[in-house]
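Asks: Once you've had a glance at the structure underneath, I'll fire off some questions.
In my numbering, the protein residues as written are 2 to 68.
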């Protein structure tokens, strides 16, 4: 927000470029979010994990509803 200072959107559309981001009337779309996330992942050097965690390990241990 500090860069674009849009009065309504935290993530405004970039269709008009960063210089005119405060003038847009639409939020950033899914494609824009995906492109931004890919750029961040690339900058951070995050590699794709080939062995994902099973769903049971993604939950908080107390969220199981047992007992």
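Where is the CB? At the ideal position from N, CA and C, for every residue including glycine.
Quick caveat: nothing in here was measured; it's all calculated off a predicted structure.
1) Rounded to the nearest angstrom, how far is the Cβ of residue 29 from that of residue 15, given a contact under 8 Å?
2) Identify every residue that forms a DSSP beta bridge with residue 8.
3) Measuring from the CB of residue 40, is there a heavy atom of the ligand GDP at a distance below 7 Å?
4) Tell me which residue opens and which closes the alpha helix (DSSP H) that residue 81 is part of.
Replies: Working from what's here:
1) The sequence position of residue 29 within the chain shown is 28, counting from 1. The sequence position of residue 15 within the chain shown is 14, counting from 1. Right, their Cβ atoms sit about 7 Å apart.
2) Mapped onto the chain shown, residue 8 falls at position 7. Within the DSSP bridge table, the entry for residue 8 names no partner.
3) Ligands displayed in this structure: none; no statement on the ligand GDP is therefore possible.
4) Outside the modelled stretch of the chain, which goes from 2 to 68, sits residue 81, for which no answer is possible.
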